[in-house]
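Using my numbering, read the sequence shown as starting at 444 and increasing by one per residue.
Built from N, CA and C at the ideal position, the CB exists for glycine as well.
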Amino acid sequence: MSRVPLIDASNTTADRQALLAQVQGAFGATPNMFRAVANSPAALKSMWGAFGALGAGVIPARLGEQIAVAVADRNGCEYCLAAHTALGRKAGASAEEMSAAQAGNAADPKTAAALRFALQLVEARGQLSDADVQAVRAAGFDDQEIVEMLAHVALNLFTNYVNVAFAVPVDFPAVRLRRAA
């Protein structure tokens, strides 16, 4: 059971209704995570805006979802692991690619470098070295892509923390964590 109420869009304030309607339109349903975050319209607006901005960024959706499952597994977030595995499949990744990404691996060297970078950010809490940034650059990423990868990690930390801290019920097909938080 969620530690915060899951807001019902039909019985809440107009600002919450408007934001939840956008979520509903994008997903065809309103995932529980958004209903939990809707306890704060400011937090929901921030989260939804970040998803929209990054969705229009230079990092392809498939790579964004691979980063998300790696971060979710590292943080022990069953909700995000389930959601982003499903979204990664919709973005064209195979089940095998999403499973490998969950472990921080990829057959493609450039994707593997991005996943290493994302997990270094999580594990080192942002305390990277020049060599860490140079390694992802050497894999073929430019500065715009590198900054955007960091933004993906930051958004996923936010969503992981929401779902873990508030015990948000998973409403996507479950995926087993590989690593405990």
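CA nearest to the CA of residue i, picked from the options
i, options, result
"residue 485", "510, 607 and 459", "459"
"residue 456", "472, 469 and 478", "478"
"residue 582", "518, 554 and 506", "554"
"residue 506", "619, 519, 550 and 575", "550"
"residue 601", "529, 491, 525 and 500", "491"
"residue 465", "446, 482, 447 and 494", "494"
Beta carbon of residue i nearer than 7 Å to that of residue j
i, j, result
"residue 599", "residue 511", "yes"
"residue 521", "residue 613", "yes"
"residue 611", "residue 518", "no"
"residue 473", "residue 487", "no"
"residue 592", "residue 536", "no"
"residue 615", "residue 544", "no"
"residue 547", "residue 513", "yes"
"residue 501", "residue 588", "yes"
Pairwise C-alpha distance: residue j and residue i
i, j, result
"residue 608", "residue 515", "13 Å"
"residue 468", "residue 590", "29 Å"
"residue 444", "residue 622", "23 Å"
"residue 449", "residue 480", "8 Å"
"residue 579", "residue 560", "7 Å"
"residue 577", "residue 454", "50 Å"
"residue 540", "residue 619", "15 Å"
"residue 575", "residue 452", "44 Å"
"residue 503", "residue 482", "30 Å"
"residue 538", "residue 489", "30 Å"
"residue 524", "residue 470", "17 Å"
Supposed contact pair residue j and residue i - C-beta distance, whole angstroms, cut 8 Å
i, j, result
"residue 508", "residue 534", "5 Å"
"residue 571", "residue 564", "7 Å"
"residue 497", "residue 594", "6 Å"
Next on the checklist: For a minimum of 4 consecutive residues, which ranges assigned as the alpha helix (DSSP H) are wholly contained in the stretch 537–569?
Outcome noted: 538–545 and 552–566
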